[in-house]
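In our numbering, the protein residues as written are 2 to 469. Note that CB positions come from ideal geometry on N, CA and C, so glycine has one too. Being a predicted model, the structure only gives us computed values, none of them experimental. Reviewing the structure listed below.
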Ligand SMILES: Cc1cc2nc3c(=O)[nH]c(=O)nc-3n(C[C@H](O)[C@H](O)[C@H](O)COP(=O)(O)OP(=O)(O)OC[C@H]3O[C@@H](n4cnc5c(N)ncnc54)[C@H](O)[C@@H]3O)c2cc1C
C-alpha cells in the first residue's frame, strides 16, 4: 500500500505509529508529499516551539511563517490567485498533521485562520480587496482569524447580540465585541460577523466584514487558560468605520456564509485538529511505554496485557473518528469538484457544502470526545512520569480538553444532531425563533385562574406598548 513505509522524524524513524496505521488510501501522491513536508516543518520548528510557547505563552509566529512557506495559509483559495486550490481531504490531512506532529495551538490558529479564508473565498469574486488579500496571504505570511463568539451568547457563535453595522458615507460602521478570538492582537486580518445594517430583530439577518489590525482592539498576551497556551484566544473590540468593499458578500449574506463556508471548514478542521491531538497522545504514549522498563520483572510498560488492551482500544476509537472525518472530506470533495470555491461567482446561492452540516457536527463531536478520552487513557498508561512535563503528554491532555467546549460545544452539537434526527432540520431553530407549543401549554396548565389573569394583563400591556 505504501511506497515509503518508514515515517521519518528528522534523521530517525518516527517514535509513534507508522504509516501502516494512517488511512493513506484517502491521500493522493501530492498529499503524501505535502504531509512529509509538514512533518519535517513540525520536527524542525513547530513542535519545539509548541513546548516553548506552552511554557511562555508566546505567540508561535515562526510556526505561522512555516505554514506560509508551505503555502498552507491560502491553500483552499483558487489557483487564479496563485493558491493551491486544495481539496477538503488535503485540508483535513494538513490540520491533523500540524496537531499531531507539531502543535495543537498552532492547529487551532490554522483552523480559525482557514475558516476565515473560506469566508473570503466564498465571496472573493469581484471584490478587489479580498482578491488582493488572498494573493498576498502566503507570500507575506498574513495570518487571519474568525472573531465570531459573542460574550452574551457564548458558544452559539452565530448569534451576535452585542454587535451592529450601519451604512455610513465612507462605507460601514461596524461594532462588535468578540469574547474569544484566536490570535487576538497578533492577526494580520480579522473576519467578523454582526447583525446586518437594517437589522429589525431577526438574528438570522447577519453580515460579514473584513477588518485590519488598526481597526480592531485585540488583547495580545492576555490569554491565561488551562491549555492551548500559544493560541492567544483573547477578547476583541471593534468600533470602526471601514470602506465599502470590506463587506464580505452583501448585507444579509451572513447566514449563507455560515452554512456554506464557515461551518463546513470549521467542522472538518475540528475533526482534523482533535483527531490529531488524540494521535499525538498515542504516539507519545507508545514512545514512553516502549522505553520504560520495570526492573523487578524486566518488562516494559508496553509488555503488560492491560497496556496493550488500553492502547488498542484507544487506537480503534481514533481510527473510527478519522475514517468518519476522511469520509466526510471525500463527500465534500465529490460535491464540489475537489474543493472548488469559484462556483459561487456564477451561482451565489449554490450550497453543496451546507448539505453536510449534520455530518460535520457529528465529526466534531466524535473527534473532540476522542481527544478528551484518549488523552486521559494515554496519560494513565504513562503513569506518574506521564504526569510530569518531560513526557509531553500532560500538555496534550490540557490542549485536548478545549475541543469539547469549543463552539458548538459537544453538548450543543449533540443536542442539535439529536433534535434534527428526531424532528427534522427545521426544528433546530438556530436563532431561538420557534415557539415550543408543547412546553408553553404544559407550563400554562400549571397556572391557576389568578396567575392566568395576571399573565393576560401583562401580555395586553406589552401589546399596547408595541402598538400591536
Ligand atoms: C482555545 C479556544 C479558542 C477559541 N477561538 C475562537 C475564535 O477564534 N473565534 C471565536 O469566535 N471563538 C473562539 N473560541 C470560543 C469558543 O468557540 C466558544 O464559543 C467558547 O469556548 C464558548 O465558551 P462559553 O464559556 O461562552 O460557553 P457557553 O456557551 O456559555 O457554554 C457553557 C456550558 O453550557 C453548555 N451549553 C450551552 N448552551 C447549551 C444548550 N443550549 N443546551 C445545553 N447545554 C448548553 C455548554 O455545553 C457548556 O458546557 C475559542 C475557545 C477556545 C477555548
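Buried versus exposed call for residue i [16 or more other C-beta atoms within 10 Å across all chains shown]
i: residue 307; result: exposed
i: residue 265; result: buried
i: residue 296; result: exposed
i: residue 195; result: buried
i: residue 1; result: There is simply no residue 1 to check, as the chain begins at 2 and stops at 469 in what is shown.
i: residue 214; result: exposed
i: residue 140; result: exposed
i: residue 133; result: exposed
i: residue 169; result: exposed
i: residue 21; result: exposed
i: residue 107; result: buried
i: residue 464; result: exposed
i: residue 89; result: buried
i: residue 482; result: The question about residue 482 has no answer here: the residues shown for the chain are numbered 2 through 469.
i: residue 177; result: buried
i: residue 109; result: buried
Assigned secondary structure, residue i (DSSP; H/G/I helix, E/B strand, else coil)
i: residue 414; result: helix
i: residue 308; result: helix
i: residue 236; result: strand
i: residue 204; result: coil
i: residue 327; result: helix
i: residue 458; result: helix
i: residue 224; result: coil
i: residue 407; result: coil
i: residue 244; result: strand
i: residue 297; result: coil
i: residue 467; result: helix
i: residue 431; result: coil
i: residue 1; result: Summary: the structure shown does not reach residue 1, with the chain confined to residues 2 through 469, and so no result is reported for it.
i: residue 398; result: helix
i: residue 436; result: coil
Beta-carbon gap between residue i and residue j smaller than 8 Å
i: residue 18; j: residue 283; result: yes
i: residue 136; j: residue 143; result: no
i: residue 116; j: residue 147; result: yes
i: residue 24; j: residue 324; result: yes
i: residue 247; j: residue 211; result: yes
i: residue 366; j: residue 415; result: yes
i: residue 96; j: residue 356; result: no
i: residue 40; j: residue 100; result: no
i: residue 160; j: residue 204; result: yes
i: residue 397; j: residue 278; result: yes
i: residue 286; j: residue 394; result: yes
i: residue 120; j: residue 237; result: no
Near ligand 3: residue i beta-carbon under 7 Å from a heavy atom
i: residue 245; result: Looking at this structure, you won't find ligand 3 anywhere; what it does contain is ligand 1.
Short CB-CB distance (under 8 Å) between residue i and chain D
i: residue 207; result: The chain labelled as chain D is not found in the depicted structure, where only one protein chain is given.
* Asked: If you pair each beta-carbon of the segment 214–231 with each one of the segment 181–196, do three or more pairs fall below 8 Å?
  -> Look at the beta carbons and you see the segment 214–231 touching the segment 181–196: at least three pairs across the two are nearer than 8 Å.
* To do: Indicate whether the contact test is met: 3 or more Cβ pairs, each with one atom in the segment 142–153 and one in the segment 82–89, closer than 8 Å.
  => no
* Asked: How about the segment 284–294 and the segment 333–352: do they share at least three Cβ pairs that are nearer than 8 Å?
  -> The segment 284–294 vs the segment 333–352: no contact.
* Would you check if there are 3 or more beta carbon pairs closer than 8 Å linking the segment 221–239 to the segment 402–409? => yes
* Should the segment 250–265 be called in touch with the segment 355–365, which here means at least 3 C-beta pairs below 8 Å? -> The segment 355–365 and the segment 250–265 touch, with three or more beta-carbon pairs separated by less than 8 Å.
* To do: For the segment 74–112, list the beta strand (DSSP E) runs that are entirely contained and at least 3 residues long, ordered along the chain.
  => Fully enclosed beta strand (DSSP E) runs of 3 or longer: not present.
* Where in the segment 344–390 do unbroken runs of the alpha helix (DSSP H), each at least 4 residues long, occur, reported from the N-terminal end onward? -> 344–347, 358–388
* Asked: Touching or not, the segment 156–175 and the segment 114–132, by the rule of three or more beta carbon pairs under 8 Å?
  -> no
* **alpha helix (DSSP H) runs wholly inside the segment 97–185, at least 4 long, in chain order** => Taking only runs of at least 4 residues, the alpha helix (DSSP H) segments lying wholly in the segment 97–185 are 105–123, 129–138.
* Those runs of the alpha helix (DSSP H) which lie wholly inside the segment 4–77 and span at least 4 residues -> Complete alpha helix (DSSP H) runs here, min 4: 30–42, 48–57, 62–70.
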